[in-house]
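Below is one structure, written out as structure tokens; the observations come after it.
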Amino acid sequence: MMLHVHSSSGIVREQENRHNRTQASLRLCSQPYEYEPQQVFFRSSFHSLNFRRLYLQAHASKFTSLRENQPLLKIGSNTTIKFDSGVRVFARVKLRCCSKALGSRLKTTMNGKRKGHAGVLPIILLSLATESEAEKILDSYCGQLSAKELTVILTEQSSWEKVIRVFEWMKLQKDYVPNVIHYNVVLRTLGRARKWDELRLCWTEMAKDGVLPTNNTYGMLVDVYGKAGLTKEALLWIKHMKVRGIFPDEVTMSTVVKVLKDAGEYERADRFYKEWCTGKITFNDLDLDSICETNTISSSEPLSLKQFLLTELFRTGARSPSRAVEFSEAEGSLRKPRLASTYSTLIDMYGKAGRLQDAVDVFAEMLKSGVTLDTFTFNTMIFICGNHGNLGEAEALRYKMEERGISPDVKTFNIFISLYANAGNTDIALQYYKRIREFGLFPDDASRRSILFILCKKRMVHEVEAVLKEIESLGMHVDEGCLPVVTELYVSEGLMEQAKILLEKSQLTGGLSSKTYAAIMDVYANRGLWAEAEDVFSCERDMFRQRRTVLEYNVMFKAYGKAKLYDKAFSLFKGMKSQGTWPDECTYNSMIQMFSGGDLVDQAKKLLTEMQDVGFKPSCLTYSALIASFVRVSKLCDAADVFQEMLKTGVKPNEVVYGSLIDGFAEAGHFEEAMNYFRMMEDSGVSANQIILTSMIKAYSKLGSVEGAKHLYDKMKNTGTGPDIIASNSMLNMYATLGMISQAKLIFRDLRQKGRADEVTFATIMYAYMNMGMLSEAIGIAEEIKQSGFLRDCMTFNLVMACYCSNGKLVECGELLHEMVDMKLLPNKSTFRILFTILRKGDFPAEAIRQLKSSYIEGKDHGSDAVITSVFSMLGLHAYALESCEIFIKPTMGLHSFVYNVAIYAYGVSGDTDKALNIFMKMIDVGLKPDVFTYLGLVVCYGKARSVQGIERIYMRLKCGDIKHDESLYNAIIDAYKDAGRGDLAYLVRQQMRLAKTEGDFDEEQYPNSETEDSFDEDECLYSKS
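Under this note's numbering, think of the first position of the sequence shown as 142, with each following residue one higher.
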């Protein structure tokens, strides 16, 4: 779930709505009305728009103090944007464009609207707003209210129910005369509340009262139906307008264009405008039968909108002969827009349609016709140019705006902030934010929202916190849309406590939406912080929103899935229904994919069945995940069953599904099944990607079909990208396995020349050389692997060590082993097979090898460490051996005898006889009996110390039978006498060993010399990545 920077198009829409609210007032100043008293009232209402200016002038000191507040945010940048210092700034314009925060402090409001009423009106409005008995309140002022005051009372009601009650009371009054203005207010209120039945009844009643609809009426109806998404129904009102002989005025025309623009029907909007300019109104392309009742209106309504518009609507409403004459006169006459708001709507419409030149032409026509330009028009044009990548043109328009004495408002700066942010030039965007105050303006919610997104993107933590403090100092709260972005910044910087405090403060200012909670949880989920996501999910909510939505549950499932906490996820899933929240299609898809990713195929399959039982259709991605999971656990029959079920439900498999099945059957050696799915994929029109072709190459390789694999490989060569490294390595492996060394060399050289060879490539060709007995070439590749930095995993180390071992380079094997240990790579079974081969080739005592191998196979403590230490000791890498010894010899309690034996041998061989003898004494102290391996180590110690007496003591015990005869021990004694300088004694021991062999004192079965038992298999060292 991603969050986006505040769009500048939203800024333009906000201004557009502001202008739409004044269009009715503009029309009332330019056109006559049938009821003079109401006309006078609306004109005075329009002139009261300057009330805010008068109020600000009367409270100049308060405004000055607010303006002098220094910003908390300090932004510096090397990039500059030029602003004219001599620009004329009109206080009136700037004051009217102050932020909502300032306005909320200065203007008197009720229900969010500006008030300037005198007399008893404020008392009546307050009573109606706080008490429920509207009729009783109005009865107390019966006969005292003018038509103007009645209109104000009707207009200011906050709910459609109260509007109806007030209107019904008005109609019951003795001297009341129904008029179009009151009906317009009621119709607009009902339309905004989407009470279509009540609106139709009101329209019918209006006709019965003989009240004729005006341009105001139709324009308002088009507006409310358009904002409800009922575009075609809105246009039917214009058709009815034509039938009643009323030609749309400019404001109504502009409203229609806006409705069509918001619906994305730019061509129709353009056509309607141009026809209006020539005096034509046609909707020949309006298909009444295409109006969908079920999409817009509840089927439970007593009268559908379509029926109403086609029957009742065209029967009601009085016909005026004079209007018919007016319509005939208007029709066919040329006309042009005269209002700035109309031009702004047209410019915005052409801009969103991508017709930049048309937008420029309308702007030029506006200048030519002498229509007074305003800030909104310039803002619209600036946004369109900037949104099409013409930021230079947008800047030029800003200069033109200032030349004409039109000062930019906050929305102007917001547009530039958003445009430069979207263009990636955040430095200039930050400068525009700073310039808002320099022009005597104040950042609004949109400004702060945009700047927070920019600062978070640039990871400017201190500046973000300065903006947050500024918002808090103004008594405002952080916009909900910013919370996930700021949280993501805090989490990425490790400021977890600040993220928690931000959420707590935001909860105090009012209830957050479910979408916001889910977005914050998603921040933690994406980073694997499931506990933090769980805290947000479980936190106490406000009293109006206790129930968690399915969106929040889905994000929590995601967090558990990333952490592989499948039990927690399933437990939450089972309990969500009891909390009043039911899983949706996304829930089931996510849960199935989660369990499939963890190879919990039984749970995933069960959920798939449950999903279908409740009427949801699994997605292709869900089926794909489950099939891949069955393939990974080698349940190919189950994978095939899910595939068949997928076809039955009408879900079309994609290349991922086919790839999983083909690869699974290919790896298992089931060539026919793999080929069958490959043909099925081609027949269904799904193109084979490189992964699938590579899987087929592996299948042909396992089958030994060189021609089939070569055909597919050549096919991949003819594609634009050519074969990938996996396919090339698969071919290389096939040639290596089949002993086709020349073909293998060609592929290897090609990959190496192109710089695409990886560790698998080198390992495969080295295996090929070893298999063919080309040891020198294999050693060369091994050296190249070391120099290329491809020694990154256990498998590669194994193969290179195997190569060195085969060539007798045992010391190099020891160096590689130490490098492997330093990299914290755990040796596997293949590694130890190589190590035992190294010990045997290095003439390590057979009894010691037997004891080490037995301990390793049985999984005894320190069995692996003992083998590694023995290899280092035998190869003369004493520093590595003693380093390893220090690790496992420290705990002297509970050690096996073979551990003591290895340590005695390692210290003895290295020449540290005192340490070796101390370890021997510890071994005796803990009650362990010495064995042949122990005496081997002691003999080595005595030899290094030139202690003939020590050697002789062990030899005499061996000769007398206290120690069983062992050829390795005899050889060790011979070597020890030689080290002590007593070759004569060594000769005698050799003679005694021959005699013992002749007399059959050696147990041959204890010392098998099988090459196959300890030898490694190069095949086990080779691997490939898929």
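Built from N, CA and C at the ideal position, the CB exists for glycine as well.
So is residue i buried or exposed if we call it buried at 16+ other beta carbons inside 10 Å?
| i | result |
| --- | --- |
| ASN325 | buried |
| TRP344 | buried |
| GLY1004 | buried |
| MET1062 | exposed |
| VAL551 | buried |
| GLY264 | For the sequence presented, residue 264 should be read as Ile rather than Gly. Exposed, since its Cβ has fewer than 16 Cβ neighbours within 10 Å. |
| GLN198 | Because the pLDDT at GLN198 is just 40, under 50, the model does not fix this residue reliably, and the point stays unresolved. |
| GLN992 | buried |
| ASP1107 | buried |
| MET83 | Shown here, the chain extends from 142 to 1167; a query on residue 83 therefore has no answer. |
| THR513 | exposed |
| MET382 | buried |
| TRP723 | exposed |
| ALA537 | exposed |
| THR486 | buried |
| LEU313 | exposed |
| HIS852 | exposed |
| SER928 | Contrary to the premise, residue 928 reads as Gln rather than Ser in this sequence. So GLN928 ends up on the exposed side. |
| LEU834 | buried |
| THR358 | buried |
| TYR1128 | exposed |
| LEU1099 | buried |
So residue i and residue j are in contact, right, with Cβ under 8 Å, and what is the actual spacing, rounded?
| i | j | result |
| --- | --- | --- |
| GLY805 | VAL772 | 4 Å |
| ALA1113 | VAL1081 | 6 Å |
| ALA1022 | PHE1029 | Actually they do not touch by this definition, with Cβ atoms about 12 Å apart. |
| LYS303 | ALA275 | 6 Å |
| PHE1074 | GLU988 | 6 Å |
| TYR407 | ALA500 | Going by Cβ atoms, the distance from TYR407 to ALA500 rounds to 11 Å, so no, they are not a contact pair. |
| PHE784 | ILE768 | 6 Å |
Please name the residue, chosen from the options, that lies closest to residue i on a Cα-to-Cα basis.
| i | options | result |
| --- | --- | --- |
| THR750 | TYR764, CYS283, GLY739 | TYR764 |
| ALA809 | ALA1007, TYR841, ALA1113, GLY914 | TYR841 |
| ALA288 | ARG600, GLY1091, VAL318, TYR1096 | VAL318 |
| TYR945 | LEU967, GLY921, TYR414, LEU966 | GLY921 |
| LYS373 | ASP865, VAL398, THR355 | VAL398 |
| SER633 | ILE661, ASN1059, THR419, TYR407 | ILE661 |
| TYR701 | TYR694, ALA710, LYS1070 | ALA710 |
| ASP725 | MET875, SER719, LEU713, GLY756 | GLY756 |
| GLY669 | MET697, GLY896, ILE866, ALA410 | MET697 |
| LYS789 | LEU767, VAL1040, LYS758 | LYS758 |
| GLN744 | ASP754, ILE525, ILE733, MET752 | ILE733 |
| MET1064 | GLY1052, SER1051, GLY1078, ILE556 | GLY1078 |
| THR132 | VAL501, GLN831, ALA877, GLU1027 | In the structure as shown, the chain begins at 142 and stops at 1167. Residue 132 is therefore absent and cannot be evaluated. |
| VAL608 | GLU629, LYS575, ASP891, GLY635 | LYS575 |
| GLY1084 | GLY1049, ILE1104, LYS1070, CYS1101 | GLY1049 |
| MET961 | MET942, ALA672, SER995 | MET942 |
| ALA1057 | PRO1071, ASN969, LYS1070, TYR1041 | TYR1041 |
| CYS418 | LYS402, PHE388, LEU1069 | PHE388 |
| LYS718 | GLU900, LEU1110, LYS699, ARG689 | ARG689 |
Taking 6 Å as the limit between beta carbons, can you name the residues of its chain near residue i, skipping five residues before and five after?
| i | result |
| --- | --- |
| THR650 | HIS618 |
| GLN172 | With a pLDDT of only 38 at GLN172, under 50, the local geometry of the prediction cannot be trusted, and the value read off the model is given with reservation. Excluding residues within five positions, none has a Cβ falling inside 6 Å. |
| GLY527 | ALA535, LEU560 |
| LYS368 | none |
Within its chain, find whatever has a CB closer than 8 Å to the CB of residue i; leave out the 5 residues flanking it on each side and keep chain order.
| i | result |
| --- | --- |
| LYS336 | TRP301 |
| LEU1168 | What the structure shows of the chain is the stretch from 142 to 1167, and residue 1168 is not part of that stretch, so it cannot be assessed. |
| LEU295 | VAL304, VAL307, PHE308, MET311, HIS323, VAL326, VAL327 |
| ILE577 | VAL551, PHE554, PHE583, PRO584, SER588 |
| THR1175 | Residue 1175 is absent from the model: the chain starts at 142 and stops at 1167. |
| ASN484 | Checking the displayed sequence, the identity of residue 484 turns out to be Tyr instead of Asn. The answer, listed in chain order, is PRO478, VAL503, PHE504, GLU506, MET507, VAL512, THR518. |
Quick one: residues in its chain with C-beta nearer than 7 Å to the C-beta of residue i, no 5 flanking neighbours on either side, listed in chain order?
| i | result |
| --- | --- |
| MET1015 | LEU980, GLY983, PHE985 |
| ARG590 | HIS147, ASP620, GLY622, CYS623 |
| GLY332 | LEU340, LEU362, VAL365, TYR366 |
| THR355 | VAL321 |
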